[in-house]
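Data block below; observations after.
Residue numbers (this note's numbering): 1035 to 1177.
Here it is in structure tokens:
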């Protein structure tokens, strides 16, 4: 699948499905959080998933409250060089997990990236994996 198409499909999935699904709202992944809560979540997730992928060692990223990067007519959160920059209106567990999946060495929104994001959402936030897979398929997310 083309990288641009995979990215567009994943972003559409995250914006539309997560925002309107009771399953995701009950799990609290789209609720805005304080930076303190997000740092605690980062520490917890990192203790389970962090650091080693394909024999490369990744240091735990630094979490930064940031104005973000201007893209597509709005400011977006991003991960780069061991830092996760979170925009004020995206300071939630979903965005943290998404950017953390990049920080763990997944540069593209391909199947490996989506599998890691879904694994974290399922095992840390108790999001139903079946609903994730079904909704992802409907949105054309890389599977």
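Quick reminder that beta carbons are idealized off the backbone N, C-alpha and C, glycines included. For clarity, every value in this text was computed on a predicted model and none was experimentally measured.
Three-state class that DSSP yields for residue i in the structure shown
i: residue 1166; result: helix
i: residue 1135; result: helix
i: residue 1073; result: helix
i: residue 1083; result: helix
Delimiting residues of the beta strand (DSSP E) encompassing residue i
i: residue 1122; result: Careful: residue 1122 lies outside any beta strand (DSSP E) and carries neither H nor E.
i: residue 1096; result: 1096-1099
i: residue 1066; result: Unbroken run through residue 1066: none, as it is neither H nor E.
i: residue 1103; result: 1103-1105
i: residue 1114; result: 1112-1114
Range of the contiguous alpha helix (DSSP H) that encloses residue i
i: residue 1156; result: 1145-1159
i: residue 1037; result: 1037-1046
Same chain, Cβ closer than 7 Å to residue i, five either side skipped, listed in chain order
i: residue 1046; result: 1173
i: residue 1117; result: 1095, 1096, 1098
Assumed close pair residue i, residue j - CB separation to whole angstroms, cut-off 8 Å
i: residue 1097; j: residue 1076; result: 6 Å
i: residue 1080; j: residue 1094; result: 5 Å
i: residue 1131; j: residue 1151; result: 6 Å
i: residue 1126; j: residue 1163; result: No, residue 1126 and residue 1163 are not in contact; Cβ-Cβ is about 20 Å, not under 8 Å.
i: residue 1072; j: residue 1134; result: About 10 Å separates the two Cβ atoms, so there is no contact after all.
i: residue 1138; j: residue 1048; result: Actually they do not touch by this definition, with Cβ atoms about 17 Å apart.
i: residue 1040; j: residue 1144; result: 6 Å
Beta bridge counterpart(s) of residue i as assigned by DSSP
i: residue 1142; result: Paired residues: none, contrary to the question.
Cβ shell of residue i (< 6 Å), same chain only, five flanking positions each side left out
i: residue 1051; result: 1169
i: residue 1043; result: 1173, 1174, 1175
i: residue 1142; result: 1037
i: residue 1112; result: 1103, 1119
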